[in-house]
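Participant: If you scroll down you'll find the structure; I have some questions about it.
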Amino acid sequence: MTVGEKRIEHDPPIRWRGLKIKAAGKTFLSAVIVVATSLGILLANHPTSRAYLGRWFETHWLNNELLTPEPKVIRRYDLQVGTRWMNPDGGRWRPMYVCNGESPCPTLYAEEGDVVEIEVHSDSYFQSSIHWAGVGYKHTGAWHDGTAGNHTIVHDTTGAWGLSWYADHTTAASVDGLYGMVYVAPSRDRLRPYGHLTTDPAKLKQIMSAEHAIRHLAIKNHQHRDTNWKLLRMRAEGSEYHCYNSIIVNGKGRNLCRPKGYEQLNGHDLDETGCIQPPGLPAESCTPSEADFEIIETQGQRYIMMNLVNIGFEHELQVSIDKHKLAVVANDGGFVMPEVADTVYIPCGARVTILVELDQTPADYTMRMVSVSQLQNLQGFAILRYPAKRLPVYGQPMQLPRVSPEASCIHPDGVVAENCTTIDAQRSAPFPSQPPPSGSDNPDGSHHPPTAAAAKTDFTFRLSAASQSSKTDKYAPEYLLNSKPWPLSRGSLKPLLFANLSSPDEHERALLDKPVIHGIPLGAVVDLIIENTLNESIPLYKHGDPAWLLGARADERFGHGSVEEAFDVAAAASAKSVVSKHLNLKDPALVVVHDLPPLGWSVLRFKVSAQAATMIHATKLRYFLLGMSAPILEGVTVDNSISVPDSATRRPHVEFDPKNDGVFG
């Protein structure tokens, strides 16, 4: 099957009072509507026919007897997973995982409401499973996400849109090249926020044109050694797991090394890669490369729209384009109220959609992606290109446009210049407004003030990002989110989704031990109150539908048992409590990924809308790989088990009992 094959029934039959009429397209349908409307206006002036028309439309139109639903578009893609020697940044050849021979994997396209069928063939020598972030499985079953081996995945994109990513989720192969993007174009019926940027009809038309020609940028921190090599070295020597060599865009970029004048970070010396090495370990050397940058052609448009996804799994980024303003129109939760600034912040694993007005002199302009890490200075570039005269330069490396340091809004250490503004899209209000849901009514029928009612939830779970020493490894720590680490080896065992919750077998019941969160029925509203005992910002990814980020705060504890309690305390004191004043129950952001502040807290709220085994986990690889995950069994309870087809349950898996609860056994 060719990549991206599209199947649709053209000229679908239209049923009109029992007759099948073959339409030539939408023209016929439009004509029917015009004639019916005109006839209705004429007949509606007659008293007898007015009553009859009302009954006729109620009987036939509202009961769908006039028109049958349009058939679904089915798009088919083939992905063949394998390995290949590659050198994306020109710094070092190394083996990488690829799909159809390339990394990043192919970008898959669909339109909201389409059905996507993906054939995955694994020719790799390792266990892998592909996770589809944000594509949606409500209509096709949760077993279509994360399936291992050779299989067919079916996703119905109804209600899901935007740029998402797909990547291996069983090992760390995503960092070694096994990642790609999926773009589901929004339905024409979905409301857009562009009218908050301009009311000029001509400009709005140009913005829609930019949306139709949207560009996708996968931004990734790249390393010259494979992940397994670095993990083995860390376990043996206590070496770092946070240093990378470059930032690449759509698989292109350059090994730049540490910029001049930036020899220290937070009082620590930086090696030639710009990284802080653990005490007692040697500094890494670096040789600059001359590889190409990604070029983004503007094609003579007035506006360009870009989806930016940070799929590097270590470095949070500040992004800017020299001499251009960036308007954020969407995040990974959907459209947002637009904001305009000079730079945009993107956490690990998150997506931001920006609109850029192309109002500068035709030339090349540098697009900057700079890490804000407290452990390494790292930057990457792409080029925004207007149509203009360019003399060819043969035998020379690609050059970035020259610009004075004062003209750049982001310094090489990720600091935003004083005269520039920035947007954090994980704080942007959804468009249109989508207030968070609240829990079911009190059984005693008591009433609460509006704020207290909005604060109510059905379940509250307290989580804590923490670390502990390993029982088996001297140098490798373990990280946890819900009392115990979740080792990647669990991906080889029986999937949590298939657990028999009513089984008397101890081994079966043990599947639900911590860190698993379970017992949540369909329709329940859930709050996750997460505290951070580590002095570092940790990006967290909640699988499934976007969740409401009610609030977050650094260097402070969440001093209440629940959100409701925080507002009850505030109501009793007739003033907002320290915590409640940082909670937003009116228009909080919808997010898939959010930052858990250092030594602070965050609160996520979500509603269970489908039966699934999801999870919340750190998107920084060194935390995720070493256990910082908490699986969540949603909508699957003893009273409401899930029915899974044999084709999913009979897939091979291994059975073993780790000696310890740790990451490495």
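full-length UniProt numbering puts the last residue of the sequence shown at 665; the count rises by one with no breaks. Even for Gly, the Cβ is constructed at its ideal location relative to N, Cα and C. In this text the structure is predicted, and so the values were computed from the model without any measurement.
DSSP three-state call for residue 330: helix, strand or coil?
Facilitator: strand
Participant: What do you reckon, are the CB atoms on residue 115 and residue 177 nearer than 9 angstroms?
Facilitator: no
Participant: Run through the DSSP bridge pairs and tell me what residue 203 is partnered with.
Facilitator: According to DSSP, residue 203 bridges with nothing at all.
Participant: At 3 residues or longer, and completely inside the UniProt domain "Plastocyanin-like" (232-386): list those beta strand (DSSP E) runs for me, N to C.
Facilitator: 246-249, 294-297, 303-310, 317-321, 326-331, 334-341, 343-346, 351-357, 364-371, 379-385
Participant: Expressed to the nearest angstrom, what Euclidean distance is found between the alpha-carbon atoms of residue 249 and residue 305?
Facilitator: 16 angstroms
Participant: Hey, residue 675 and residue 125: beta-carbon distance below 9 angstroms or not?
Facilitator: Residue coverage of the chain in this structure runs from 1 to 665, which leaves residue 675 outside it and unanswerable.
Participant: Using the beta-carbon count (16 or more within 10 Å), is residue 52 buried or exposed?
Facilitator: With a pLDDT of only 38 at residue 52, under 50, the local geometry of the prediction cannot be trusted, and the value read off the model is given with reservation. Exposed, by the Cβ-count rule.
Participant: Pop quiz: residue 426 and residue 589 are said to be a contact at Cβ under 8 angstroms. What is the actual Cβ separation, rounded to whole angstroms?
Facilitator: 6 angstroms
Participant: Please check if any C-beta of chain D sits within less than 9 angstroms of the C-beta of residue 104.
Facilitator: No chain D is present in this structure, which holds just one protein chain.
Participant: Whole angstroms are fine: how far does the CA of residue 199 sit from the CA of residue 344?
Facilitator: 24 angstroms
Participant: With which residues is residue 606 paired in a DSSP beta bridge?
Facilitator: 526
Participant: Can residue 170 and residue 488 be called in contact, C-beta distance under 9 angstroms?
Facilitator: Annotated as proximal: residue 170 and residue 488, with beta-carbon spacing under 9 angstroms.
Participant: Between residue 314 and residue 348, is the Cβ-Cβ spacing less than 9 angstroms?
Facilitator: yes
Participant: Going by C-alpha to C-alpha distance, which of 88, 527, 579, 277 sits closest to residue 247?
Facilitator: 88
Participant: Thinking C-beta only, is residue 332 closer than 9 angstroms to residue 352?
Facilitator: yes
Participant: Pull the bridge partners of residue 181 from the DSSP assignment, please.
Facilitator: 165
Participant: On the CB-based measure, 16 or more other CB atoms within 10 Å of its CB, does residue 666 come out buried or exposed?
Facilitator: The chain is shown from 1 up to 665; residue 666 falls before or after that span and cannot be answered.
Participant: Under 8 angstroms by Cβ, that's how I've got residue 383 and residue 369 pegged, so tell me the actual separation to the nearest angstrom.
Facilitator: Between residue 369 and residue 383 the Cβ distance is about 12 angstroms, and since that is not below 8 angstroms, they are no contact.
Participant: Tell me whether residue 657 is buried or exposed, calling it buried when 16 or more other Cβ atoms sit within 10 Å of its Cβ.
Facilitator: exposed
Participant: With a CB to CB cut of under 6 angstroms and the five nearest residues on each side skipped, what residues in its chain are close to residue 112?
Facilitator: The beta carbon of residue 112 is closer than 6 angstroms to those of 157, 161, 184, 186, 187 in its chain, skipping five residues each way along the sequence.
Participant: Take residue 102 as the anchor and find which of 636, 82, 569 has the nearest alpha-carbon.
Facilitator: 82
Participant: The alpha helix (DSSP H) spanning residue 560 covers which residue range?
Facilitator: Careful: residue 560 lies outside any alpha helix (DSSP H) and carries neither H nor E.
Participant: Let me know the secondary structure DSSP gives residue 34 once reduced to three states.
Facilitator: Confidence in residue 34 is poor, its pLDDT being 42 and thus under 50, which makes the residue's placement unreliable; the coordinate value appears in the next sentence. If DSSP states are grouped into helix, strand and coil, residue 34 belongs with the helices.
Participant: What's the gap between the Cα of residue 174 and the Cα of residue 392?
Facilitator: 37 angstroms
Participant: For the 8 angstroms Cβ check, are there 3 or more pairs between the segment 594-614 and the segment 540-551?
Facilitator: yes
Participant: Taking just the CA atoms, how far does residue 295 sit from residue 398?
Facilitator: 10 angstroms
Participant: Could you tell me which residues DSSP pairs with residue 82 in its beta bridges?
Facilitator: 98
Participant: DSSP has residue 466 in a bridge; who is on the other side?
Facilitator: 480
Participant: Counting pairs of Cβ atoms below 8 angstroms between the segment 563-573 and the segment 642-655, do you hit three or more?
Facilitator: no
Participant: Strictly by DSSP, which residues pair up with residue 217?
Facilitator: Note: residue 217 is bridge-paired with 308 in the DSSP secondary-structure output.
Participant: For residue 650, count neighbouring C-beta atoms within 10 Å of its own C-beta (all shown protein chains included) and say buried if the count is 16 or more, exposed if not.
Facilitator: exposed
Participant: Which one of 481, 540, 455, 664 has the shortest CA to CA distance from residue 582?
Facilitator: Residue 455 is the option with its Cα nearest to residue 582.
Participant: At the level of alpha carbons, what is the spacing between residue 11 and residue 72?
Facilitator: Low confidence applies to residue 11: its pLDDT is 34, below 50, so where it sits in the model is not reliable, and the reading given next is rough at best. Those two C-alpha atoms are separated by around 13 angstroms.
Participant: Which residues does DSSP list as the beta-bridge partners of residue 616?
Facilitator: Looking at the DSSP assignment, residue 616 forms a beta bridge with 542, 630.
Participant: Count the other CB atoms, across all protein chains shown, that sit within 10 Å of the CB of residue 361; report buried if there are 16 or more and exposed otherwise.
Facilitator: It counts as exposed.
Participant: Between residue 121 and the rest of its own chain, which residues show a CB-CB distance below 8 angstroms, the 5 nearest in sequence each way excluded?
Facilitator: 78, 79, 80, 81, 150
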